[in-house]
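Notes to accompany the following structure.
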Amino acid sequence: MRVVIFANGEFRHHEEARERVRLSDCVIAADGGTRHALAIGVTPNVVIGDLDSLSQTARERLQAAGAQMITHPAAKDETDLELALLHAVGQGASEIDVLAALGGRLDQMLANVMLLTLPQLAGIRVRLVEGPQSAFLIRGGGAWMTIDGEVGDTVSLVPLAGDAAGVSTQGLQWPLDGETLYLGRARGVSNVLQALPARVRLRAGLLLCVTLRQGAS
Numbered sequence: 001m002r003v004v005i006f007a008n009g010e011f012r013h014h015e016e017a018r019e020r021v022r023l024s025d026c027v028i029a030a031d032g033g034t035r036h037a038l039a040i041g042v043t044p045n046v047v048i049g050d051l052d053s054l055s056q057t058a059r060e061r062l063q064a065a066g067a068q069m070i071t072h073p074a075a076k077d078e079t080d081l082e083l084a085l086l087h088a089v090g091q092g093a094s095e096i097d098v099l100a101a102l103g104g105r106l107d108q109m110l111a112n113v114m115l116l117t118l119p120q121l122a123g124i125r126v127r128l129v130e131g132p133q134s135a136f137l138i139r140g141g142g143a144w145m146t147i148d149g150e151v152g153d154t155v156s157l158v159p160l161a162g163d164a165a166g167v168s169t170q171g172l173q174w175p176l177d178g179e180t181l182y183l184g185r186a187r188g189v190s191n192v193l194q195a196l197p198a199r200v201r202l203r204a205g206l207l208l209c210v211t212l213r214q215g216a217s
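In my numbering, the protein residues as written are 1 to 217.
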C-alpha cells in the first residue's frame, strides 16, 4: 500500500504533491499538515495527532467529508509525524512518501530525518520529499538499494548513528567499494548520479541518502 503523509513543515511544491496523492492508496495528515492537504484540494483519509492546529469547525467538516480523526493527548512523547508514520505501518504500508517534513524549524526538520531510523520502518520504503530533493534511509545488511533519480542528479550519503561500514555504490561519478563513511565527516556529500540504475549498499550502520535534481539548488 502506498501512503502519502502531510507533515506540518514548509510546503511549496503543490503540483508534485497532487501527483503523489493521485498515485497513492491512502493520505494521512499529521495534525497541522491537514492545511497543506486542504490547500491542494485533498481531504485526508486520516488526520492524526493532538489536533491542536484544527478548530472544532474544521474537525467537524473533515469528519463530514469522511476523514478518520485520531486524537492523541497534547502531552505525549511522540511528534504528530511519528504517530502518522506508525499508523501507516499499522495499516500495512509498503511505501510512504512524507511531504512538508523538510525546511522550517531546524529542530523539527532534524527530528523528522531521525524518524527514518525507527525500527518499525525497516523493510518499508520511506522518503522525505520536498520538490527537487528527497531523502531515504539505507540500513546495514548488504542489500542493494536503488537510488531514484536521473543522470546528473546530486547524491549525498550521510552516516547516521555512528560510522557506516562497507559502503559500496554503483552508477555514481565517485564510486565507493566496501569503504567506511565516518560520522561527522563530509566525504559522501555531493556525488553525482552518472548511470542508471544507481545503487548503494552497506554492511553495517545507517546511511541517509539525499538526492537533488539536476539544476535545483
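Each residue gets a CB set at the ideal place from its N, CA and C atoms; glycine is no exception.
Proximity to E19 [Cα-Cα], best of I40, T180 and E150: I40
Proximal residues to L206 (C-beta, below 8 Å), its chain only, five neighbours per side dropped: Sequence-distant partners of L206 (beyond 5 residues in either direction) whose C-beta falls short of 8 Å from its own C-beta, in its chain, are T117, L137, I138, R139, G140, P159, L160, A161, G162 and A164.
Is the beta carbon of R2 sitting closer than 8 Å to the one on E95? In this structure, E95 lies closer than 8 Å to R2 by Cβ.
For the putative contact between A7 and G33, defined by C-beta atoms under 8 Å, what is the C-beta separation to the nearest angstrom? Contact between A7 and G33 holds: their C-beta atoms lie close to 5 Å from each other, under 8 Å.
Going by DSSP, what residues sit across from T211 in a beta bridge? S134 and V155
Does the Cβ-Cβ distance between V210 and Q108 come in under 8 Å? no
Exposed or buried, R105, counting other C-beta atoms within 10 Å across all chains shown (16 or more means buried)? exposed
Outcome for R127 when other beta-carbon atoms lying within 10 angstroms are tallied against a minimum of 16: When all chains shown are included, R127 counts as buried.
Tell me where the alpha helix (DSSP H) around M69 begins and ends. Element bounds for M69: not the alpha helix (DSSP H) but the beta strand (DSSP E), Q68 to T71.
Using only alpha-carbon positions, find the residue among P73, A74, D80 and N45 that is nearest to Q63. N45
Cutting at 7 Å between CB atoms, please list the residues of its own chain near E82, excluding the five before and the five after it. L115
Would you mind working out which of T57, S156 and L196 sits nearest R185, comparing C-alpha positions? Of the candidates T57, S156 and L196, the one whose C-alpha sits nearest the C-alpha of R185 is S156.
M145 - partner residues in DSSP beta bridges: Beta-bridge pairing links M145 to V200.
On the DSSP bridge assignment, give the partners of A30 in chain order. I48
Relative to the alpha-carbon of I70, which residue among I28, V47 and E179 has its alpha-carbon at the smallest distance? V47
Which same chain residues, not among the five before or five after A143, have their C-beta less than 7 Å away from its C-beta? R201
With 16 as the cutoff for other CB atoms within 10 Å, does S55 come out buried or exposed? When all chains shown are included, S55 counts as exposed.
Suppose the cutoff is 6 Å on Cβ atoms and the five residues either side in sequence are ignored; what does the same chain contact list for R213 look like? P132 and D153
Which value, in whole angstroms, describes the spacing of the CA atoms of L196 and V151? 7 Å
Let me check one thing: in DSSP terms, what residues is V164 bridge-paired to? A quick correction: the sequence has Ala, not Val, at residue 164. DSSP lists L181 as partners of A164.
Short of 6 Å in beta carbon distance, which residues of its chain neighbour H13, apart from the five on each side in sequence? Order them along the chain. G131
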